[in-house]
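Undergrad:
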Amino acid sequence: MAANGKERALIHLAGIKKVFYTDEVETHALADVHFEIQKGEYVAISGPSGCGKTTLLSILGLLDAPTSGEYTLAGESVATLRAADRARVRNRQIGFIFQAFNLIGDLTVAENVELPLTYRDMPASERRDRVAAALDRVQMSHRAKHFPAQLSGGQQQRVAVARAVAGDPAILLADEPTGNLDSKNGEAVMELLRELNAHGSTICMVTHDSRYAQHAGREVHLFDGKVVEAVSH
Amino acid sequence: MTEPTAGALFSLGALRDDLRFAGRMLVKSPLFTGMVILTLALGIGLNTAVFSAIEALLLRPLPGVHNANELVQLYRTYPAMEYGSNSIPHFWDVRKRTTDVYSGVAAWAFSTLSVSAAERPVRVMGQMVSADYFAVLGVQVARGRTFVPAEDEGRGAHPVAVLSDGGWKTLFGADPAVVGRTIAVNGQSVEIIGVTMPEFRGSIPLAAPAMWMPLMQLAQIRPGAEGDFERRGNNYLNVQARLRPGVTMEQARARMTALANELRAEFPDAYEHSSMKLVPQSEAGIHPTMRGAQVGLSAVVMVVVGLLLLIACVNVANLFLARGRDRAREMAIRLALGARRGALIRQLLVESLTFSVVSGVVGLVVAVWTIGLANGITLPMDIDFRPDLRLSPLVLAFACGVTMLTGVLFGLAPAVQSTRPALIPALKGEAPAGGSRSRMSRSLVVAQMALSMVLLMCAGLFLSNLRNATVIDKGFVSDRLLLAEVNPSMQGYARAATEHFYRQLTERLQATPGVRAVALADQVPLGLGSSDRGVEIPGYSPAESEGMSIFYASVSPGYFGTMGIPVLKGREFTTQDDSGSTRALVVNQRFVDRFWPGQDGVGRTVKTAGRDYTVIGVVPTGKYVRLGEDPAAHMWFAQSQQWAAGMSVIVRTVGDPNTFIGTLRREVSALDANLPVSNIRSMDRHLGISLLPARLAGAALGVFGVLGLLLASVGMYGIMAYSVAQRTREIGIRMAIGAAAADVIALVLRQGLTLVLIGTVIGLGGAFAASRLLGSMLYGGSSLDVVTFTLVPLVLIAVSAAASYGPARRASAVDPAVTLRSE
């Protein structure tokens, strides 16, 4: 199954381990994680605090490297890439949505959305078109010239979603995307993610809120750094 | 998936985006921007100003001269003199016999002129020049004409003068009808025939003559110089030549060697030990003998001001590093979105370069202000001394280069550090651990302290040098002396009338209450000028390459007493030593030690200019030309036996000599209302000429040192304040478990002083090496000055401790309850 899955799946993790070494203490954040995400899937990773959700998402997003194990993204082995290659893969294949939005305060809404595209060899006209389309998708076109500080939390997260989708990535990784929002804005962002998924986007979301996990097509439970259960909704 | 190309990394679009963002960063926090720009502008501005001085002194081609790179200076050489002057017959021979290598050869000599343009005559510095002087230099006139070849023929037949732009303005109020006007110069009627273009300021840097007259008028301007047209040994001319197109320096040198051989064959006595040397005009400067000191001192000041800029860069690098910590999240976001480090480093460098360009513009304002101050420096001499520092294209190019280098210097380290954030904590908005960044900050503080130490040590050594220069034993008592120059022969006085005038003036001044003594001398010590002549000592055989030319002066009776120079043996001149008596000579101890070691010099004979002189007195060895000179043999003639018409009047007063200036003018005027008195100054002011290099270096390095200390203390304060802010929680915990305020202050001070001590020790090593290099430029070779080496580290440590104390006090005021609760 592994060999078949590796060829078929968008994301394939096999035997992923992550150990943090601090002074003389070893902390096993992830232990022998096997996990796949198919193209077009909407997966939620849930579990209690400290179970390894964010570590797993960081490895999926190539922000961190596993201590051991195999990670294949769109058929390319990415576990041991050089820093420059990881930056390239992040830029082309992955769209991030953070809990804290992580918009750059000194850039306008449009410039924030354009930011990942500026790190590609892409003509300015194409970048402008993609920014306009992405802002359209999240209904934030009217705020293109504003700075993040002039927006509400919900609006900022919608801009962050627009930034994530602007580059047409293979997968969207969302880390507690509703964590800094009230319930109304939280629902709106979840609805936005569902729409994106309905239009073909592959999404992997980390959440500790079971209500939001229900929005995903599949829910993976982590406990003590291991996948203990996978439930399809 | 294609990799972004290098072209994309430096594409115009990307650079435009970075520039726009940098502009926003510039206006985002005015305090940060202001501090950075002020610090850098100071460094860039002072570096530019110092370079403008180097450009004016060493690099700038002679202004107003056509193709100055084709010009060479010609010198006569002797065993003990590398760059000697030329005589008139020698110049004529060179000009006549070198037409194959030079398209023209011209000669000039400075000459003091008394010009009667208004009611009273004015003394100015002029030049006697060969008629082809302006043609050889390729100088254009603004009015009238320059000299024509016919004005090189017929002695005394061409009473004409060309004015410099400065002379035209100061002497004639820029009179548009000046050409054709007849004036009196040294009592002779002279017609003004032209005014040169304003940019031409003479044939050497810094000193601009007011007027030029043909060499053929020499005897009319300097009575007694008639014989100079024949005397091959009277060397005082400077000779400049223009190389023919295609002729190399080597070819010209070979021709000069051949010519020296020809002349030696024809005039064996005059050329027995003499040859010729040529130096490109660009390397000759004021005089080749001064070139080494000029280059050395320029290099020291440039290095020191460069150190100041480095300290400023380190300061700003630390500010950027601290801001980099605040921007770690922004960098993490950009990296998470796929930015390559190269792109981020480029973005941060564009930011730092934007800051440095703005600082460069403000720095130019600092430079203009500093250049204005430097251009205001005057010398206590008749010469129109103008530093003429400018923001020339070369200086502007230097400023641009320094600005760009500054941007990279202070921007690179923070850029490299800031683009290496711990991604996950930064994205979660957590405070970075910051280990390596703190290490870099600390390293920068250590570097800054070490640089400050070297800079302060250089400044300290030069200030100590200035103190040494002022107290150095000059061989005479310099306080309460008034000096002035008069030359009755310029008003047409014959020798007898001149002698009568000096006798009357001396008597009248001596009768003035408050005047202790009066004397005359044709050379006042330490005025940069000197005269020398060859001597023969019966019974003494000079070594093969030993120079037998000795500095001398002609003085009046009572000179040594007036100057406060004790007579060690024998006696000084009296009125009995006149033209009819035995020729007398006073020599210094060095003269005796050299020619009659271990013996008494009094009664010995010295032959010079074909005459025998008897040594009547011996005085201690002093300083005669430069304060830093090695002990040199010197001799003095009685004025009546070695006639000199132009003398300096030396008045020893009871009180402040400056209060006698009016008296001196009145007494001269009472004897001859038309006789100009010039260059009236106290001896202290006169010594300013010799002290000028030490004073300028001391003042410049002193200012740079204080600025460096200020920057270092600001840097120290910044890093300690930042460190305390970062350690607030740790300090809170320490206080919660029982640390007292004094313990916290000690903790912070210890941290700061450790960095200072490491920097000081490293800096001491650098300062020691620097002092060894500076040794040759310091009076008395005091490069290992104990006071400086003790005082400077103490000052640096004390100032750094003071800079750390503020943050330490703030740390001790941390409320542990509040701090721990907020975490």
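First to last, the sequence lines map onto chains U and L.
The first sequence begins at 0 in numbering that gives the first Met the number 0 and counts up by one.
The second sequence begins at 0 in numbering that gives the first Met the number 0 and counts up by one.
Virtual Cβ for every residue (Gly too), placed ideally from N, Cα, C.
Please read all numbers here as calculations on a predicted model, not as lab measurements.
Buried or exposed: R786(L), going by 16 or more other Cβ atoms within 10 Å of its Cβ?
TA: Correcting the residue type first, residue 786(L) is Val in the shown sequence and not Arg. Burial call: exposed.
Undergrad: Here's a check: name, in chain order, each residue in its chain whose Cβ is nearer than 6 Å to the Cβ of F823(L), leaving out the five neighbours to either side.
TA: Because chain L here runs from 0 to 822, residue 823(L) falls outside it and cannot be looked at.
Undergrad: Taking A421(L) as the query, report the chain U residues whose CB atoms sit under 7 Å from its CB, ordered along the chain.
TA: Those within 7 Å of A421(L) in chain U number zero; the least Cβ separation is about 10 Å.
Undergrad: Using a Cβ-Cβ cut-off of less than 8 Å, give me the residues of the segment 51 to 83 of chain U that come near chain L, in sequence order.
TA: Here the close residues are T53, S57, G60, L62, D63, A82 and A83.
Undergrad: Using a Cβ-Cβ distance under 8 Å, would G22(L) count as near chain U?
TA: Not one chain U Cβ lies under 8 Å of G22(L).
Undergrad: Enumerate in chain order the residues of its own chain whose CB-to-CB distance from G433(L) is below 8 Å, with the five nearest sequence positions on each side excluded.
TA: Residue placement at G433(L) is flagged as unreliable, the pLDDT there being 48, under the threshold of 50; the coordinate-derived value follows with that caveat. Within the same chain, G433(L) has close Cβ partners R324 and Q725.
Undergrad: Determine the closest residue to T195(L) out of G597(L), V485(L) and M212(L), with distance taken between C-alpha atoms.
TA: When each option's Cα is compared against that of T195(L), the closest is M212(L).
Undergrad: Going by the DSSP bridge assignment, what does R610(L) pair with across the sheet?
TA: Answer by DSSP bridge pairing, in chain order: T607(L).
Undergrad: Chain U partners of G12(L), CB-CB under 7 Å?
TA: Those are A123, listed as they occur along chain U.
Undergrad: Along chain L, which residues have their Cβ under 7 Å away from the Cβ of T201(U)?
TA: Those do not exist, as T201(U) stays about 17 Å from chain L at its closest Cβ, beyond 7 Å.
Undergrad: Using CA atoms only, rank isn't needed, just tell me which of F146(L), S10(L), R252(L) and A801(L) is closest to Y74(L).
TA: Nearest option by C-alpha distance: R252(L).
Undergrad: Please compile the residues from chain U whose C-beta is within a distance smaller than 8 Å of the C-beta of L426(L).
TA: The contacting residues are L62, F97, A99 and N101.
Undergrad: Does DSSP put M547(L) in a helix, in a strand, or in coil?
TA: M547(L) falls in the coil class under three-state DSSP.
Undergrad: Could you name the residues of chain L that T107(U) contacts, counting a contact when the two beta carbons are closer than 9 Å?
TA: Ordered by position in chain L, no residue passes the 9 Å Cβ test against T107(U), which lies about 10 Å from the chain.
Undergrad: Go through its chain and collect everything with a Cβ distance to A643(L)'s Cβ below 7 Å, but skip five positions before and after it.
TA: These residues qualify, in order along the chain: D521 and S553.
Undergrad: Which residues in chain L sit within 8 Å of A28(U), going by Cβ to Cβ distance?
TA: The contacting residues do not exist; A28(U) stays about 11 Å from chain L at best.
Undergrad: Put Q598(L) into one of helix, strand or coil per three-state DSSP.
TA: Q598(L) falls in the coil class under three-state DSSP.
Undergrad: Are any of the Cβ atoms in chain L nearer than 8 Å to that of A86(U)?
TA: Yes, contact with chain L.
Undergrad: Give me the Cα-Cα distance between E229(L) and P158(L), rounded to the nearest whole angstrom.
TA: Between E229(L) and P158(L), the C-alpha separation is close to 21 Å.
Undergrad: Return helix, strand or coil for Q575(L), following the three-state DSSP convention.
TA: Note: Q575(L) maps to coil in three-state DSSP.
Undergrad: Listed in chain order, which residues of the segment 323 to 356 of chain L have Cβ atoms closer than 9 Å to some Cβ of chain U?
TA: Taking 9 Å as the Cβ-Cβ cut-off against chain U, the residues of the segment 323 to 356 of chain L that qualify are R328, E329, A331, I332, R333, L334, A335, L336, G337, A338, R339, R340, G341 and A342.
Undergrad: Taking 8 Å as the threshold, find out whether the segment 595 to 604 of chain L comes into contact with the segment 667 to 683 of chain L through three or more Cβ pairs.
TA: No, because fewer than three Cβ pairs between the segment 595 to 604 of chain L and the segment 667 to 683 of chain L fall closer than 8 Å, the two stretches do not touch.
Undergrad: For L171(U), decide whether its Cβ has a neighbour in chain L, counting only Cβ atoms nearer than 8 Å.
TA: Output row for L171(U): interface = no.
Undergrad: Name the DSSP bridge partner or partners of S188(L)?
TA: BP columns for S188(L) point to A183(L).
Undergrad: Any C-beta of chain L sitting closer than 8 Å to the C-beta of L238(U)?
TA: Nothing about residue 238(U) can be reported from this structure: the residues present for chain U run from 0 to 232 only.
Undergrad: Hey, is K168(L)'s beta-carbon within less than 8 Å of any beta-carbon in chain U?
TA: No, because no Cβ of chain U sits closer than 8 Å to the Cβ of K168(L).
Undergrad: Quick check: what's the CA-CA separation for D531(L) versus I549(L)?
TA: Spanning the two alpha carbons is a distance of roughly 5 Å.
Undergrad: Would you say T21(U) reaches chain L, if we count a Cβ-Cβ gap shorter than 8 Å as a contact?
TA: Taking Cβ atoms only, chain L never reaches closer than 8 Å to T21(U), which makes this a no.
Undergrad: Kindly give me the distance between the Cβ atoms of V128(L) and A106(L), rounded to whole angstroms, as I take these residues to be in contact under 8 Å.
TA: Correct: roughly 7 Å between the Cβ atoms.
Undergrad: Is any beta-carbon of chain L found at less than 8 Å from that of T177(U)?
TA: With 8 Å as the cut-off, T177(U) does not count as an interface residue toward chain L.
Undergrad: Express the C-alpha separation of V566(L) and G687(L) in angstroms, rounding to a whole number.
TA: Approximately 27 Å, taken between the alpha carbons.
Undergrad: Taking beta-carbon pairs under 8 Å, can you tell me which members of the segment 126 to 140 of chain U lie near chain L?
TA: Listed by position, the residues of the segment 126 to 140 of chain U near chain L (Cβ gap below 8 Å) amount to none.
Undergrad: Throw me the rounded Cβ distance for the V648(L) and L504(L) pair, which I believe falls under 8 Å.
TA: Going by Cβ atoms, the distance from V648(L) to L504(L) rounds to 7 Å, so yes, they are a contact pair.
Undergrad: The alpha helix (DSSP H) with Q72(L) in it runs from where to where?
TA: Taken as a continuous stretch (DSSP letters only), Q72(L) belongs to no alpha helix (DSSP H), being part of the beta strand (DSSP E) at L70 to Y77.
Undergrad: Looking at the unbroken alpha helix (DSSP H) that takes in P692(L), where does it start and where does it end?
TA: M682 to Q725 is the extent of the alpha helix (DSSP H) around P692(L).
Undergrad: Measure the C-alpha to C-alpha separation of P656(L) and R479(L) and round it to an integer number of angstroms.
TA: Straight-line Cα distance between these residues: approximately 5 Å.
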